[in-house]
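Q: First residue of the sequence shown: 224, per this note's numbering; consecutive thereafter.
Quick one: the structure is below, questions incoming.
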Amino acid sequence: MDVMTNVLIIGSGIAALQTARLLEEHFQVQIVTKCSVKMSSSYRAQGGIAAVTSQEDHPMFHIADTLTAGDYHHERKNVEVLIENGTEIMRDFLNEGFPVDRQVDGSPALGLEGVHSYHRILHAGGDRTGQIMIDYLLNQLTSNIVVNCYEMAYELLLNTNGDCIGVLTKGAKGTKRYLAHHVILATGGTGAIYSCTSNYATSTGDGIALAYRARAAISDMEFMQFHPSLLWCGGQAKGLVSEAVRGAGGVFVDAQRQPIMKGIHEQLDLAPRHITAHALFNKRAAGQETFIDISNIEHFEEKFPTIAQLCHDNNVNLQDGLIPVAPGSHFLMGGVVADDKGRTSIPHLYAIGEVACTGVHGANRLASNSLLEGITFGKRTAQYIIQTGCKQNSFLIDDKHHQQTMPSLFTKDQLRQKMMHTLGIVRNPIDMQQFKQQLPSMQTLLHVDLDGLNRQELELYMMHVVATLMTHAAITRKETRGAHIRIDKPKNDNQWANRWIIFQQGQMKVRNSLYEYHQTRGNVKAIF
Ligand code: SIN
């Protein structure tokens with residue numbers, strides 16, 4: 224079955240919905256998502272939205288904090304766009320009536336999180352910011368937008384000029400083919416390829432795998448952010464305990480209630496995430512349990528209703544003042560290379576939100592910059608598409624004839640354990656090399672025929688593509704930068720400063736900038 228539309232958006236998080244609401248009065252828009260519409264990392268986001276709204280703060284400080292957190296591995300121009308344009312967009316949201324938490328005098332109640340030099344985190348409903356934002360955006364969609372849930376995108380379609388013109392999906396009613404003038408990847412992250420994660424099990428990096436197969440540029444796959452505080456019960460991660468809890472006075476402690484961060488970093492519990500995650504990792508590797516002591520936070524349940532409910536559901540008694548926590552995967556800084564208008568290396572294919580790599584997060588994202596990224600680049604992409612319009616595309620599909628049968632793969636659980644052990648917070652090059660040998664080759668993955676696979680098999684394949692790219696990149700970057708520690712190279716190495724590990728056309732190259740590769744195809748000048 225074929226569906227023809229102007230704009231196709233894959234995913235339903237904040238970036239997808241922000242784009243959709245701005246496009247709908249201009250074009251036909253279809254959204255395709257593999258789960259229910261609210262099943263996204265955005266919906267789960269507790270932390271809030273970082274934006275400069277107070278008198279004493281300034282975008283310049285927010286930019287500086289973003290660069291510090293990300294270890295200076297950024298596309299600087301895009302960081303400025305994110306913070307300066309993002310601040311304006313967020314102010315518009317406030318003026319429009321987006322219901323942030325406010326103080327008694329009516330001004331926004333601003334929270335503090337790691338590495339932020341000012342209180343600047345806007346929250347809604349305490350720790351329900353993502354949920355309230357998604358509901359807010361969904362309420363603005365009219366029936367012009369068709370939302371197709373439980374359909375998994377598995378193959379991007381290109382025409383014979385190399386433009387993206389659609390996607391194949393698999394759903395309960397079988398395979399569907401969408402054809403569109405513009406295709407937007409907003410598929411979110413890939414935390415669920417780790418055994419311990421804050422993400423939904425469905426965050427399997429599908430957008431990256433789709434882009435890889437279409438030969439788009441993908442960068443920074445070595446940089447996975449680990450959040451130090453996932454609720455840890457019965458040997459499993461059960462969700463996030465927001466950094467905002469530490470911003471409100473929570474303290475990492477061991478079972479004897481001794482503070483863990485004392486003497487490790489001057490910012491203590493609000494140190495950069497890789498420092499806190501590493502400190503907890505070390506404690507736990509030494510056989511100790513780790514907690515957040517919340518005993519000095521007044522009205523905890525009122526301030527953090529989601530976390531209180533999560534604790535309650537998992538039989539954690541808040542009266543004891545201790546929440547058991549452990550670090551786990553949280554956010555991928557890398558992804559499909561995109562510019563400040565969402566454009567990728569393939570004409571008419573865009574990437575926005577966590578699936579994209581615009582270089583705004585560097586090697587370790589600043590807390591609460593991700594919802595800001597979604598609304599900012601979502602808007603900029605919508606504006607670009609409105610400006611460009613939907614000119615006639617050729618819909619003559621370039622049939623790739625993928626013929627390779629599926630190589631042997633790990634089960635999902637095996638892969639998640641391996642990723643946690645090998646590509647986790649602390650990485651050993653010998654383990655990574657061994658793991659690489661066990662994974663399918665990049666070339667094999669490129670040519671696998673996916674048509675006959677069911678949804679579970681497709682997801683497993685996508686996870687292997689992402690794991691393979693991450694492993695190759697992590698082995699190649701012979702230094703420690705940002706989110707993780709490489710035990711053989713425990714420090715930054717200047718030779719690796721401003722070097723980007725980019726996959727394109729199925730090849731991995733180390734490049735001097737995110738946009739180094741310029742390409743001209745026919746009369747279409749691609750942007751990099
Ligand atoms: C948190 O609430 O701790 C997460 C916020 C974020 O990752 O930006």
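Think of the CB as a built atom: it goes at the ideal place given N, C-alpha and C, for glycine as much as any other residue.
Between which two residues does the beta strand (DSSP E) harbouring K399 extend?
A: As a first step, residue 399 must be located in the sequence shown, where it is residue number 176. It spans 397-408 - the beta strand (DSSP E) in which K399 sits, taken as one unbroken run.
Q: Among E248, R244, S235, A273, which one has its Cα closest to the Cα of A590?
A: Counted from its first residue, the sequence shown places residue 590 at position 367. With distances taken between Cα atoms, A590 lies closest to A273.
Q: Which runs of the alpha helix (DSSP H) spanning at least 4 residues fall entirely within the segment 302-344, listed in chain order?
A: If we require 4 residues or more, the alpha helix (DSSP H) runs fully inside the segment 302-344 come out as 309-319.
Q: Which complete beta strand (DSSP E) runs does the segment 412-446 hold, if anything under 3 residues is left out?
A: With a minimum length of 3 residues, no continuous beta strand (DSSP E) run stays inside the segment 412-446.
Q: Alpha carbon to alpha carbon, how far is N746 from Y738?
A: The sequence position of residue 746 within the sequence shown is 523, counting from 1. The sequence position of residue 738 within the sequence shown is 515, counting from 1. Confidence is the limiting factor: at N746 the pLDDT is only 41, short of 50, which leaves the residue's position unreliable, though a coordinate-based value still follows. About 20 Å.
Q: For P547, count the other beta carbons within 10 Å of its own beta carbon; 16 or more makes it buried, fewer makes it exposed. Which is it?
A: The count along the sequence shown starts at 1 and reaches residue 547 at position 324. So P547 ends up on the buried side.
Q: Got a sec, what are the start and stop residues for the beta strand (DSSP E) I724 sits in?
A: Stepping through the sequence shown from its first residue, residue 724 is reached at position 501. 723-727 is the extent of the beta strand (DSSP E) around I724.
Q: Please report the straight-line C-alpha distance between R469 and A574, rounded to a whole angstrom.
A: Numbered from 1 along the sequence shown, position 246 holds the residue referred to as residue 469. Numbered from 1 along the sequence shown, position 351 holds the residue referred to as residue 574. Rounded to whole angstroms, R469 to A574 spans 32 Å at the Cα level.
Q: For A395, tell me which candidate among L246, N677, Y607, R438 has the shortest Cα-Cα distance.
A: Position 172 of the sequence shown, counted from the start, is the residue given in the question as residue 395. Ranking L246, N677, Y607, R438 by Cα distance to A395 puts N677 first.
Q: Can you list, in chain order, the residues of its chain whose CB lies under 8 Å from that of M313, leaving out five sequence neighbours each side?
A: Here residue 313 refers to the residue found at position 90 when the sequence shown is read from its first residue. Excluding residues within five positions, the ones whose Cβ falls inside 8 Å are I272, A274, T276, L345, L595, I598.
Q: In terms of residues, what are the limits of the alpha helix (DSSP H) holding A243?
A: Residue mapping note: residue 243 aligns to position 20 of the sequence shown, counting from 1. Here the alpha helix (DSSP H) through A243 covers 237-246.
Q: If you draw a straight line from the alpha carbon of N308 to that of G458, how long is it in whole angstroms?
A: Here residue 308 corresponds to residue number 85 of the sequence shown, with the count starting at 1. Here residue 458 corresponds to residue number 235 of the sequence shown, with the count starting at 1. The straight-line gap from Cα to Cα measures roughly 42 Å.
Q: Cβ of N735 versus every heavy atom of the ligand SIN: is any distance shorter than 8 Å?
A: The count along the sequence shown starts at 1 and reaches residue 735 at position 512. No, the Cβ of N735 stays beyond 8 Å of every heavy atom of the ligand SIN.
Q: Specify the secondary structure class of S259 as computed by DSSP and reduced to three states.
A: Stepping through the sequence shown from its first residue, residue 259 is reached at position 36. DSSP places S259 in coil when its eight states are reduced to three.
Q: Does at least one heavy atom of the ligand SIN sit under 8 Å from the Cβ of H297?
A: Residue mapping note: residue 297 aligns to position 74 of the sequence shown, counting from 1. No - the ligand SIN has no heavy atom lying nearer than 8 Å to the Cβ of H297.
Q: When you compare only the Cα positions, how much space is there between S582 and A292?
A: Within the sequence shown, numbered from 1, the residue matching residue 582 stands at position 359. Within the sequence shown, numbered from 1, the residue matching residue 292 stands at position 69. As written in the sequence, residue 582 is Gly, which differs from the Ser given in the question. Spanning the two alpha carbons is a distance of roughly 13 Å.
Q: If you reduce the DSSP assignment to three classes, tell me which class D358 lands in.
A: Walking along the sequence shown from the start, residue 358 turns up at place 135. The answer is helix: DSSP assigns D358 an H, G or I state.
Q: How would you label D711, buried or exposed, when you count the other beta carbons within 10 angstroms and need 16 or more for buried?
A: Within the sequence shown, residue 711 is the residue found at index 488, counting from 1. Per the 10 Å Cβ criterion, exposed.
Q: What is the rounded straight-line gap between the Cα of L491 and the Cα of V338?
A: In the sequence shown, counting from the first residue as 1, residue 491 sits at position 268. In the sequence shown, counting from the first residue as 1, residue 338 sits at position 115. L491 and V338: Cα-Cα distance of roughly 11 Å.
Q: Just confirm the distance between the C-beta atoms of G234 and A409, as a whole number of angstroms; I'd bet it's less than 8 Å.
A: On the sequence shown, residue 234 is found 11 positions in, with the first residue counted as 1. On the sequence shown, residue 409 is found 186 positions in, with the first residue counted as 1. Their Cβ separation, rounded to whole angstroms, is 4 Å, which keeps G234 and A409 in contact under 8 Å.
Q: Determine the DSSP secondary structure at D622, reduced to helix, strand or coil.
A: One-based indexing of the sequence shown puts residue 622 at position 399. If DSSP states are grouped into helix, strand and coil, D622 belongs with coil.
Q: Going by the C-beta, is A268 closer than 8 Å to any heavy atom of the ligand SIN?
A: As a first step, residue 268 is located in the sequence shown; it is residue number 45 there, counting from the start. For the ligand SIN, at least one heavy atom lies less than 8 Å from the Cβ of A268.
Q: On the CB-based measure, 16 or more other CB atoms within 10 Å of its CB, does M283 come out buried or exposed?
A: On the sequence shown, position 60 is the one that residue 283 refers to. Classification of M283: exposed, given that the 10 Å Cβ count is below 16.
Q: Count the other C-beta atoms from every protein chain shown that fall within 10 angstroms of the C-beta of V578, then say buried if there are 16 or more, exposed otherwise.
A: Your numbering for residue 578 matches position 355 in the sequence shown. V578 should be labelled buried.
Q: Check the C-beta distance from I449 over to R507 and give it rounded, since I have them as a contact under 8 Å.
A: Looking up residue 449 in the sequence shown gives position 226. Looking up residue 507 in the sequence shown gives position 284. Just to set this straight, residue 449 is Phe in the shown sequence, not Ile. That belief does not hold up - the Cβ atoms of F449 and R507 are roughly 12 Å apart, past 8 Å.
Q: Count the C-beta pairs between the segment 468-483 and the segment 726-733 that are closer than 8 Å, then say yes if the count reaches three, no if not.
A: Judged by Cβ distances under 8 Å, the segment 468-483 makes no contact with the segment 726-733, as fewer than three pairs qualify.
Q: Suppose the cutoff is 8 Å on Cβ atoms and the five residues either side in sequence are ignored; what does the same chain contact list for D477 look like?
A: Position 254 of the sequence shown, counted from the start, is the residue given in the question as residue 477. Closer than 8 Å at Cβ, skipping near neighbours: I483, K506, Q511, E512, T513, F514.
Q: Taking only heavy atoms of the ligand SIN into account, decide whether any of them is closer than 8 Å to the Cβ of H695.
A: In the sequence shown, counting from the first residue as 1, residue 695 sits at position 472. For the ligand SIN, not one heavy atom lies less than 8 Å from the Cβ of H695.
Q: So for G557, helix, strand or coil by DSSP?
A: For this step, residue 557 is matched to residue 334 along the sequence shown. G557 falls in the coil class under three-state DSSP.
Q: In the DSSP assignment, find the unbroken alpha helix (DSSP H) run with A703 in it and report its ends.
A: Position 480 of the sequence shown, counting from 1, holds the residue named residue 703. According to the sequence shown, residue 703 is Thr rather than Ala. Here T703 belongs to no alpha helix (DSSP H), and DSSP marks it neither H nor E.
Q: Tell whether a beta-carbon distance below 9 Å holds between V370 and I254.
A: Locating residue 370 in the sequence shown gives position 147, where the first residue counts as 1. Locating residue 254 in the sequence shown gives position 31, where the first residue counts as 1. Contact flag set, yes.
Q: Relative to the C-alpha of N616, which residue among G329, K257, V406, S263 is closest?
A: As a first step, residue 616 is located in the sequence shown; it is residue number 393 there, counting from the start. When each option's Cα is compared against that of N616, the closest is V406.
Q: Mind checking which residues open and close the alpha helix (DSSP H) that includes I653?
A: Walking along the sequence shown from the start, residue 653 turns up at place 430. Looking at the DSSP string, the run of the alpha helix (DSSP H) that includes I653 is 652-661.
Q: C534: which of S552, G612, L454 sits nearest, CA to CA?
A: The sequence position of residue 534 within the sequence shown is 311, counting from 1. Checked all of S552, G612, L454; the closest Cα to C534 is L454.
Q: Roughly how many whole angstroms lie between the Cα atoms of L632 and D536?
A: Walking along the sequence shown from the start, residue 632 turns up at place 409. Walking along the sequence shown from the start, residue 536 turns up at place 313. Each residue's Cα considered, the two are about 35 Å apart.
Q: What does DSSP give as the partner residue(s) for L380 in the beta ladder?
A: As a position in the sequence shown, residue 380 is number 157, starting the count at 1. Bridge partners of L380: G389.
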